[in-house]
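Chains as they are written, first to last, in the working numbering: chain X, 324 to 660; chain V, 175 to 579.
In what follows, a single structure is set out as structure tokens and then discussed.
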Amino acid sequence: MQIREYIIRRVMILPLILVGTSLIVFTLGRVGGNPIAIYLEHEMTPDEVAQIEERYGLNDSLPEQYFAWAGGVLRGDLGYSGVLAAPVMDVLPKRLAATLELSVASAIVAVSLGIALGTFAGARRNRLPDHLTRVFAISGAATPIFWFAIVLLIIFWVNLGWFPVGRSEPEIFESISHPTGVYTLDALLAGSFTAFRDAIWHLILPAVTLGYGATAIITRMMRSSLAEELNEDYVDAARAKGLPERLVLRRHARRNALIPTVTVIGLGFGFLLQGSVVVEIIFIWPGMGRWMADAVLRGDQATIMAYVLFTSILFLVVNLVVDVVYAYLDRRVVLGS
Amino acid sequence: MTAPAAAPLSDKTASRVASVEELRIHFDTKAGRLHAVDGVSFDIFDGESLGLVGETGCGKSVTARSFLRLIPVPPGTYAGGRIHFWSKEARQTGGSPVDLLQVPASQMRDIRGNRIAMIFQDPGKALNPALSIREQVAEVFYQHRSEDLLDGWNGTPPRPIRRAAGQRSGKLEWLAFKVPPLRSPARRLRKRVDDLVGDALAETQIPNPRKIMTSYPHELSGGMKQRVMIAQALACNPDLLIADEPTTALDVTIQARIMELIRELQLRHQTSVLYISHDLSLVRRICDRIAVMYAGRIAEIGQTRHVFHDPLHPYTRGLLAAIPSLAHQRGELAVIDGTVPELIDPQPACRFHTRCSYATDLCGRLDPPLVARPGLRPVACHGYASPDELGVAADQLPRLDRDAP
Ligand SMILES: Nc1ncnc2c1ncn2[C@@H]1O[C@H](COP(=O)(O)OP(=O)(O)O)[C@@H](O)[C@H]1O
Ligand code: SF4
Ligand SMILES: [Mg+2]
Numbered sequence: 324m325q326i327r328e329y330i331i332r333r334v335m336i337l338p339l340i341l342v343g344t345s346l347i348v349f350t351l352g353r354v355g356g357n358p359i360a361i362y363l364e365h366e367m368t369p370d371e372v373a374q375i376e377e378r379y380g381l382n383d384s385l386p387e388q389y390f391a392w393a394g395g396v397l398r399g400d401l402g403y404s405g406v407l408a409a410p411v412m413d414v415l416p417k418r419l420a421a422t423l424e425l426s427v428a429s430a431i432v433a434v435s436l437g438i439a440l441g442t443f444a445g446a447r448r449n450r451l452p453d454h455l456t457r458v459f460a461i462s463g464a465a466t467p468i469f470w471f472a473i474v475l476l477i478i479f480w481v482n483l484g485w486f487p488v489g490r491s492e493p494e495i496f497e498s499i500s501h502p503t504g505v506y507t508l509d510a511l512l513a514g515s516f517t518a519f520r521d522a523i524w525h526l527i528l529p530a531v532t533l534g535y536g537a538t539a540i541i542t543r544m545m546r547s548s549l550a551e552e553l554n555e556d557y558v559d560a561a562r563a564k565g566l567p568e569r570l571v572l573r574r575h576a577r578r579n580a581l582i583p584t585v586t587v588i589g590l591g592f593g594f595l596l597q598g599s600v601v602v603e604i605i606f607i608w609p610g611m612g613r614w615m616a617d618a619v620l621r622g623d624q625a626t627i628m629a630y631v632l633f634t635s636i637l638f639l640v641v642n643l644v645v646d647v648v649y650a651y652l653d654r655r656v657v658l659g660s
Numbered sequence: 175m176t177a178p179a180a181a182p183l184s185d186k187t188a189s190r191v192a193s194v195e196e197l198r199i200h201f202d203t204k205a206g207r208l209h210a211v212d213g214v215s216f217d218i219f220d221g222e223s224l225g226l227v228g229e230t231g232c233g234k235s236v237t238a239r240s241f242l243r244l245i246p247v248p249p250g251t252y253a254g255g256r257i258h259f260w261s262k263e264a265r266q267t268g269g270s271p272v273d274l275l276q277v278p279a280s281q282m283r284d285i286r287g288n289r290i291a292m293i294f295q296d297p298g299k300a301l302n303p304a305l306s307i308r309e310q311v312a313e314v315f316y317q318h319r320s321e322d323l324l325d326g327w328n329g330t331p332p333r334p335i336r337r338a339a340g341q342r343s344g345k346l347e348w349l350a351f352k353v354p355p356l357r358s359p360a361r362r363l364r365k366r367v368d369d370l371v372g373d374a375l376a377e378t379q380i381p382n383p384r385k386i387m388t389s390y391p392h393e394l395s396g397g398m399k400q401r402v403m404i405a406q407a408l409a410c411n412p413d414l415l416i417a418d419e420p421t422t423a424l425d426v427t428i429q430a431r432i433m434e435l436i437r438e439l440q441l442r443h444q445t446s447v448l449y450i451s452h453d454l455s456l457v458r459r460i461c462d463r464i465a466v467m468y469a470g471r472i473a474e475i476g477q478t479r480h481v482f483h484d485p486l487h488p489y490t491r492g493l494l495a496a497i498p499s500l501a502h503q504r505g506e507l508a509v510i511d512g513t514v515p516e517l518i519d520p521q522p523a524c525r526f527h528t529r530c531s532y533a534t535d536l537c538g539r540l541d542p543p544l545v546a547r548p549g550l551r552p553v554a555c556h557g558y559a560s561p562d563e564l565g566v567a568a569d570q571l572p573r574l575d576r577d578a579p
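Printed below as a string of structure tokens:
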């Protein structure tokens with residue numbers, strides 16, 4: 324029951340955080356660049372520039388501009404994307420779905436692999452499996468993601484031809500409708516196994532590339548916190564009760580070792596979103612990241628603000644989930660709040 | 175006056191629950207091989223409470239943990255000796271004991287928490303912070319009483335329920351227990367476990383056990399947590415309870431109550447207890463016999479009143495002198511100087527000779543064994559040896575004047 328109250332409280336402060344986020348996004352947009360840079364051309368006269376400024380309300384006071392923008396966001400109007408020559412809202416849902424699918428897939432890879440490997444290594448501290456895992460994890464944290472992406476691409480796409488690039492095969496894409504824009508989900512909704520397999524097939528290489536760094540971090544965290552928990556008295560107390568080692572590890576030590584690991588998972592998701600820009604470009608994945616990179620290079624303010632706003636929301640939601648999991652694992656959190 | 179010789183317990187049967195023989199437990203450290211326990215021998219008799227007393231670091235916990243084979247290996251090694259253990263059946267039928275250091279792992283698991291249970295020093299650390307009290311106490315029943323949990327079922331319970339009673343359920347099975355048709359049998363099993371857990375907690379005089387069951391360790395006081403540990407330890411009515419400094423981490427005001435509780439439950443269930451403490455005066459209140467331990471060795475062992483009235487070993491005398499009230503009566507004895515010596519690669523010498531005011535040259539080159547000489551209880555000190563026994567001149571032996579109690 325306490326946990327339920329905790330969740331409700333956390334969800335209730337979400338709107339407040341969102342208002343704060345939008346303020347920061349807006350301020351950064353105004354401080355960080357010229358909002359109309361993308362419309363300006365060399366041969367424009369000052370009059371023409373002033374006209375554009377007037378059209379976009381840049382002569383109003385900043386609070387007025389903020390409310391105009393925030394009001395637009397609430398009505399679903401995020402402005403016009405110069406790089407795509409379309410209203411941001413027309414493109415955003417599909418792009419967001421693509422990025423979401425990729426980052427959630429890599430998060431699943433990273434969390435499950437990281438926890439499994441970390442548990443495996445932590446329970447075999449300073450033995451060969453631990454050393455091998457360490458090598459894997461350290462190289463994962465140290466490998467530049469663009470390099471790793473290109474290496475995987477050369478091996479598995481160019482040479483072996485095992486995995487494709489892009490998001491799907493055109494004819495399979497055409498064969499079903501895409502109500503959510505998350506292709507795996509769309510395939511399941513349409514009940515098409517071919518489409519599902521195709522979506523997964525396209526997802527594997529970029530998800531593994533993107534997830535490698537996070538896997539490494541989670542593995543290391545899980546390994547060291549499990550090794551630490553295994554030194555605790557309650558582990559011996561559990562053994563003294565006659566529990567088999569399997570339960571001592573899973574029910575007792577691992578559960579507590581997950582507490583610090585979960586925190587890292589929340590932070591690691593931010594890491595994933597960053598990495599997605601590079602991965603999307605290299606694997607030709609039509610998500611937010613690619614779009615964003617173009618927008619930054621060309622000073623497309625509306626797009627940048629939309630991107631920052633939505634990735635912030637994504638990050639907030641993920642961290643809300645993380646906090647709830649955290650409270651579930653560590654009951655002291657709930658009591659303390 | 176001489177204490178009556180080694181007859182351990184005159185008023186009880188002399189059948190043993192456990193017998194430790196020449197136990198050696200070493201740790202590999204950077205500095206060398208640490209002889210934490212180095213040739214320890216003692217018996218624990220049926221139904222008695224044996225106090226194991228000594229300064230911090232002398233090897234009490236290591237001795238205790240080796241009963242349940244809880245020494246981390248490496249860095250530890252079971253370097254020698256045996257711990258014989260007679261279960262209830264073996265004692266009744268005169269059967270032979272098992273050697274706890276040799277039994278296979280699966281048999282060891284059956285003994286842990288079931289035949290031999292352990293209470294730890296700090297209940298705040300020995301309870302898992304992430305699990306409710308109910309879950310933690312219930313584990314003991316699931317592990318050792320899974321048959322009882324299914325008592326009174328008409329016919330054979332469904333397989334998932336049997337697996338749950340032996341805590342072998344997978345995650346999917348846990349989901350299945352939330353919906354029909356398994357929901358009601360799962361509830362029934364749960365209720366049975368709740369009853370047992372509630373009863374076990376009630377045994378330790380915890381107020382409102384049903385409410386305590388649903389709490390988490392951080393919501394309970396130290397004394398309450400230790401009661402939970404005791405409930406958990408005694409849940410299966412073990413033959414031997416090992417209490418490793420069960421009150422050291424607790425508030426002084428509740429120490430006495432916890433000790434009385436252990437004593438009371440011990441007498442009610444006729445459990446043998448190995449009670450470990452660094453505090454001689456605490457042990458005196460609840461132990462039938464006392465073994466004094468020093469630097470990985472037993473210094474002397476005997477009935478509580480004998481040890482108190484007529485301490486044989488110089489170390490025991492020092493310990494008693496350190497107890498304020500007794501220091502008055504025995505004014506001539508000073509508080510022991512120095513600390514426990516290095517246990518790393520020890521020399522063949524009396525472990526106490528660097529601190530002993532009676533020490534002679536002999537003590538520095540010959541290790542005194544723990545032996546019971548005629549008319550004396552077991553003590554490890556050259557002062558009680560005869561010159562013939564050691565093959566030395568009489569004036570080389572330390573001279574321990576013994577005053578009447
Ligand atoms: N896991 C371990 N590794 C290394 N040394 C240990 C370990 N456990 C205990 N020891 C050493 O064994 C000795 C006895 O420890 P212990 O039995 O815990 O003493 P106490 O009598 O206070 O319970 C100490 O010197 C301690 O440092
Ligand atoms: S053997 Fe010697 S040093 Fe050891 S306790 Fe006896 S008198 Fe003291
Ligand atoms: Mg200890």
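By construction, the Cβ of each residue, glycine as well, lies at the ideal position given by its N, Cα and C atoms.
Since the model is a prediction, treat every value here as computed from it, not as a measurement.
### Task
Using the Cα positions of Asn482 of chain X and Leu475 of chain X, report the straight-line distance between them to the nearest angstrom.
For the purposes of this step, residue 482 of chain X is taken as the residue at position 159 of the first sequence. For the purposes of this step, residue 475 of chain X is taken as the residue at position 152 of the first sequence. Near 10 Å, if we compare the C-alpha coordinates of Leu475 of chain X and Asn482 of chain X.
### Query
Can you tell me the Cα-Cα spacing of Thr203 of chain V and Glu377 of chain V, whole angstroms?
Residue mapping note: residue 203 of chain V aligns to position 29 of the second sequence, counting from 1. Residue mapping note: residue 377 of chain V aligns to position 203 of the second sequence, counting from 1. So the two alpha carbons sit approximately 43 Å from each other.
### Buried or exposed (CB count within 10 angstroms, at least 16 for buried), Ala210 of chain V
Locating residue 210 of chain V in the second sequence gives position 36, where the first residue counts as 1. So Ala210 of chain V ends up on the buried side.
### Close Cβ partners of Met615 of chain X (< 8 Å) along its chain, the five nearest in sequence each way excluded
The count along the first sequence starts at 1 and reaches residue 615 of chain X at position 292. Excluding sequence neighbours, Met615 of chain X sits near Val600, Thr626, Ile627 and Tyr630.
#### Entry: Span separating the alpha-carbon of Ile307 of chain V from that of Val571 of chain X
Your numbering for residue 307 of chain V matches position 133 in the second sequence. Your numbering for residue 571 of chain X matches position 248 in the first sequence. Rounded to the nearest whole angstrom, the CA to CA distance from Ile307 of chain V to Val571 of chain X is 16 Å.
### Query
When every heavy atom of ligand 5 is checked, does at least one fall within less than 6 Å of the C-beta of Lys299 of chain V?
Only ligand 1, ligand 2 and ligand 3 can be found as ligands here, which leaves ligand 5 out of the picture.
### Query
ligand 2: which residues have Cβ under 5 Å from any of its heavy atoms, chain order?
Matched residues: V:Pro488, V:Cys524, V:Phe526, V:His527, V:Cys530, V:Tyr532, V:Ala533, V:Cys537, V:Pro542, V:Cys555, V:His556, V:Gly557 and V:Pro572.
### Task
Report the rounded CA-to-CA distance for Ser135 of chain V versus Val505 of chain X, giving the unit in angstroms.
For chain V, the structure presents residues 175 to 579; residue 135 of chain V sits outside this window and is missing.
### Query
Thinking C-alpha only, which one of V:Ala409, V:Gln295 and V:Val272 is nearest Gln317 of chain V?
As a position in the second sequence, residue 317 of chain V is number 143, starting the count at 1. With distances taken between Cα atoms, Gln317 of chain V lies closest to V:Ala409.
#### Entry: Short Cβ contact (7 Å threshold) for Gly215 of chain V with Arg265 of chain V
Counted from its first residue, the second sequence places residue 215 of chain V at position 41. Counted from its first residue, the second sequence places residue 265 of chain V at position 91. Before going on, a small fix: residue 215 of chain V reads as Ser here, not Gly. Against a cut-off of 7 Å, the Cβ pair of Arg265 of chain V and Ser215 of chain V comes out as no contact.
### Task
Name the residue from X:Leu511, X:Thr517 and X:Phe486 whose alpha carbon lies nearest to the alpha carbon of Glu494 of chain X.
Taking the first residue of the first sequence as 1, we reach residue 494 of chain X at position 171. Taking only the C-alpha atoms, the option nearest Glu494 of chain X is X:Thr517.
### Task
Name the one or two DSSP bridge partners that Pro410 of chain X has.
Counted from its first residue, the first sequence places residue 410 of chain X at position 87. DSSP output for Pro410 of chain X lists X:Tyr403 as bridge partner(s).
#### Entry: Rounded straight-line distance, which links the Cα of Phe526 of chain V to that of Tyr489 of chain V
By one-based count along the second sequence, residue 489 of chain V stands at place 315. By one-based count along the second sequence, residue 526 of chain V stands at place 352. So the two alpha carbons sit approximately 7 Å from each other.
### Task
Using the Cα positions of Arg256 of chain V and Leu244 of chain V, report the straight-line distance between them to the nearest angstrom.
Sequence index remark: in the second sequence, residue 256 of chain V carries index 82 (1-based). Sequence index remark: in the second sequence, residue 244 of chain V carries index 70 (1-based). Approximately 15 Å between the Cα atoms of the pair.
### Query
Among the residues of its own chain, which have a CB less than 8 Å from the CB of Pro542 of chain V, if the five just before and after it don't count?
As a working mapping, residue 542 of chain V is identified with position 368 in the second sequence. Correct list, in chain order: Cys524, Ala554, Cys555, His556 and Ala559.
### Limits of the beta strand (DSSP E) - the one that Gln477 of chain V falls within
For the purposes of this step, residue 477 of chain V is taken as residue 303 along the second sequence, with counting starting at 1. Arg471 to Gln477 is the span of the beta strand (DSSP E), which, as asked, contains Gln477 of chain V.
### Message
Restricting to Cα atoms, I'd like to know which of V:Arg357, V:Phe482 and V:Gly470 is closest to Ile464 of chain V.
### Response
As a working mapping, residue 464 of chain V is identified with position 290 in the second sequence. When only C-alpha atoms are compared, the closest one is V:Phe482.
### Message
Is Gly231 of chain V a contact residue of ligand 1, with contact defined as CB to any heavy atom under 6 Å?
### Response
Within the second sequence, numbered from 1, the residue matching residue 231 of chain V stands at position 57. Gly231 of chain V Cβ: within cutoff of ligand 1.
### Query
Considering only residues of the same chain and omitting the five flanking positions on each side of Ser320 of chain V, which have a CB-CB separation below 7 Å?
Counted from its first residue, the second sequence places residue 320 of chain V at position 146. Here the set comprises Ala339 and Gly340.
### Below-7 Å beta-carbon distance, Val566 of chain V vs any chain X residue
Position 392 of the second sequence, counting from 1, holds the residue named residue 566 of chain V. So no, Val566 of chain V is outside the interface.
### Message
I need the boundaries of the alpha helix (DSSP H) containing His443 of chain V, first residue and last residue.
### Response
Here residue 443 of chain V corresponds to residue number 269 of the second sequence, with the count starting at 1. Element bounds for His443 of chain V: Val426 to His443.
### Query
Mind pulling the chain V residues with CB within less than 7 Å of Tyr557 of chain X?
For the purposes of this step, residue 557 of chain X is taken as the residue at position 234 of the first sequence. Per Cβ cutoff of 7 Å: Lys299, Ala300, Leu301 and Asn302.
### Task
Could you say which of V:Ile472, V:Thr478, V:Ala291 and V:Pro552 lies nearest to Glu229 of chain V if we only look at CA atoms?
Residue numbering aside, residue 229 of chain V sits at position 55 when the second sequence is read from its first letter. Comparing Cα-Cα distances from Glu229 of chain V to each of V:Ile472, V:Thr478, V:Ala291 and V:Pro552, the minimum goes to V:Ile472.
### Message
Please report whether the beta-carbon of Tyr558 of chain V lies at a distance below 7 Å from any beta-carbon of chain X.
### Response
On the second sequence, residue 558 of chain V is found 384 positions in, with the first residue counted as 1. Output row for Tyr558 of chain V: interface = no.
### Query
What do you reckon, is the C-beta of Ser240 of chain V under 6 Å from a heavy atom of ligand 3?
What you label residue 240 of chain V is simply residue 66 of the second sequence in a count that begins at 1. No.
### Query
Under 7 Å between C-beta atoms, does Ser660 of chain X make it to chain V?
On the first sequence, position 337 is the one that residue 660 of chain X refers to. Because the pLDDT at Ser660 of chain X is just 41, under 50, the model does not fix this residue reliably, and the value given afterwards should be weighed accordingly. No - not a single Cβ of chain V is within 7 Å of the one on Ser660 of chain X.
### Query
From Met544 of chain X to Leu455 of chain X, what distance separates their C-alpha atoms?
Residue 544 of chain X sits at position 221 when you count from the first residue of the first sequence. Residue 455 of chain X sits at position 132 when you count from the first residue of the first sequence. Their Cα atoms are separated by approximately 15 Å.
### Task
With a cut-off of 8 Å on the beta carbons, I'd call Tyr252 of chain V and Leu226 of chain V a contact; round off their distance for me.
Mapped onto the second sequence, residue 252 of chain V falls at position 78. Mapped onto the second sequence, residue 226 of chain V falls at position 52. That pair is no contact at about 18 Å.
### Query
Nearest CA to the CA of Ser547 of chain X: which residue from X:Glu377, X:Asp559, X:Arg577 and X:Val531?
Counting from 1 along the first sequence, the entry for residue 547 of chain X is found at position 224. When only C-alpha atoms are compared, the closest one is X:Arg577.
### Query
For Met403 of chain V versus Ile285 of chain V, is the C-beta distance shorter than 7 Å?
Against the second sequence, residue 403 of chain V aligns to sequence position 229. Against the second sequence, residue 285 of chain V aligns to sequence position 111. It is not a contact, given that the beta carbons lie outside the stated cut-off.
### Query
Which residue from V:Glu516, V:Glu563, V:Gln295 and V:Leu415 puts its Cα closest to that of Leu242 of chain V?
In the second sequence, residue 242 of chain V corresponds to position 68, counting from 1. Nearest C-alpha to Leu242 of chain V: V:Leu415.
### Query
Where do the ends of the alpha helix (DSSP H) carrying Gly589 of chain X lie?
On the first sequence, position 266 is the one that residue 589 of chain X refers to. Element bounds for Gly589 of chain X: Arg578 to Ile605.
### Lys352 of chain V versus Glu393 of chain V - alpha carbon distance
On the second sequence, position 178 is the one that residue 352 of chain V refers to. On the second sequence, position 219 is the one that residue 393 of chain V refers to. Near 28 Å, if we compare the C-alpha coordinates of Glu393 of chain V and Lys352 of chain V.
### Task
Just tell me which of X:Arg490, X:Ala580, X:Met367 and X:Ala444 has its CA closest to the CA of Gly610 of chain X.
Along the first sequence, one-based indexing puts residue 610 of chain X at 287. Out of X:Arg490, X:Ala580, X:Met367 and X:Ala444, X:Arg490 has the C-alpha closest to the C-alpha of Gly610 of chain X.
### Query
With C-beta atoms as the reference, is Val585 of chain X less than 7 Å away from Tyr649 of chain X?
Within the first sequence, residue 585 of chain X is the residue found at index 262, counting from 1. Within the first sequence, residue 649 of chain X is the residue found at index 326, counting from 1. Yes, the pair counts as a contact, with Cβ atoms nearer than the cut-off.
### Task
Use the C-beta contact count for Arg333 of chain V: other C-beta atoms within 10 angstroms, 16 or more gives buried, fewer gives exposed.
If you number the second sequence from 1, residue 333 of chain V lands on position 159. With fewer than 16 other Cβ atoms within 10 Å, it is exposed.
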